[in-house]
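Report on the following structure.
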Ligand SMILES: [Mn+2]
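Residue numbers (our numbering): 21 to 251.
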């Protein structure tokens, strides 16, 4: 089980990270909060893509299951263990927002060749600009590619939105969420929000060329985090 909270997010979302650790202790899960930044820094987009690289690496290393939770997600104490969602022949579990699109803030993965292939394919899209995706799939950071890849994947199972309750999800009346995502108002006020308008396809391709392939950058970042956190 892990979360990524770089660039000071660990301070802003300390209560969320504490709730992760508490849940992990209760369920006997091995939990890491990746909070350090490499000497060369790490952008918000790369922090988001890093989770894909870490999930894949953890699967390759043989962790039985991998559970990713966003740093701004608060896990309630009564949340059941992740294996309560498992069903046959499904290896990736996520919930959808009211739009029907997956939200990649909470991802549960069962280690299997199918899951490894899924995350390999996802990571290969790290250099594909969002603007190349169908309009309805476009989303922040890596989430658009998660939506696009997951919606046609037979190994992905939609789980109860209680697992990822944000401002765009509906849960049944009187139901209590397991994970409250991005709803911690005080913390959100402090979160530095990007005001920049979205880049055009041409602009984003230029940025990608300038920075070099993200795929390789992610592999370098992964080496740093693997070494620092010994996972
Ligand atoms: Mn989030």
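Even glycine gets a Cβ: it sits at the ideal position worked out from N, Cα and C.
Given the structure is predicted, the values throughout are model-derived calculations rather than measurements.
Contact between the region 69-86 and the region 27-34: three or more CB pairs below 8 Å? no
Going by CA-CA distance only, name the one from 41, 131, 218 that's closest to residue 77. 131
Pick out whichever of 114, 165, 96, 133 has its Cα sitting closest to the Cα of residue 88. Ranking the options by Cα distance to residue 88, first place goes to 114.
How close, in whole Å, do the beta carbons of residue 156 and residue 221 come, if the pair is a contact with beta carbons under 8 Å? Not quite, the Cβ-Cβ distance comes to about 17 Å (not below 8 Å), so this is no contact.
Put residue 116 into one of helix, strand or coil per three-state DSSP. strand
Burial state of residue 154, where buried means 16 or more other Cβ atoms lie within 10 Å: With fewer than 16 Cβ atoms within 10 Å of its Cβ, residue 154 is classed as exposed.
Count the C-beta pairs between the region 116-134 and the region 167-177 that are closer than 8 Å, then say yes if the count reaches three, no if not. The region 116-134, when compared against the region 167-177, does touch it at the 8 Å Cβ threshold.
Assigned exposure category for residue 159 - 16 Cβ within 10 Å defines buried: buried
Quick check on the contact list: which residues have their beta carbon closer than 6 Å to a heavy atom of ligand 1? 90, 92, 125, 201, 202
Continuous alpha helix (DSSP H) assignments of at least 4 residues falling wholly in the region 30-106: 34-47, 64-80
Please identify the residue among 73, 96, 100, 95 whose C-alpha is closest to the C-alpha of residue 135. 73
Nearest residue (CA-CA) to residue 108, options 245, 147, 116, 177: 177
Can you tell me which of 56, 185, 175, 202 puts its alpha carbon nearest to the alpha carbon of residue 195? 185
Just mark residue 236 as buried or exposed, buried being the case when its beta carbon has 16 or more other beta carbons within 10 Å. exposed
Just list the residues that DSSP pairs residue 23 with in beta bridges. 53
Minimum length 3: unbroken beta strand (DSSP E) runs contained in the region 168-210: 176-178, 199-201
Distance check for residue 202 and residue 224, CA to CA, integer angstroms please. If you take the alpha carbons of residue 224 and residue 202, they lie about 27 Å apart.
How about residue 179 and residue 105: do their beta carbons lie closer than 8 Å? Yes, Cβ-Cβ distance for residue 179 and residue 105 is below 8 Å.
Can you give me the start and stop residues for the beta strand (DSSP E) that residue 126 sits inside? Element bounds for residue 126: 126-130.
May I ask you to report which of helix, strand or coil DSSP gives residue 111? coil
Excluding the 5 residues preceding and the 5 following residue 244 in the sequence, name in chain order all residues of the same chain whose CB lies nearer than 6 Å to its CB. 58
Specify, as a first and last residue, the run of the alpha helix (DSSP H) that residue 235 falls within. DSSP places residue 235 in the uninterrupted alpha helix (DSSP H) bounded by 234-249.
Buried or exposed by the 16-neighbour rule on C-beta atoms within 10 Å, applied to residue 112: Counting the other Cβ atoms within 10 Å of the Cβ of residue 112 gives 16 or more, which makes it buried.
Spatial neighbours of residue 164 in its chain, beta-carbon cut-off 6 Å, leaving aside the 5 residues before and after: 150, 153, 157, 158
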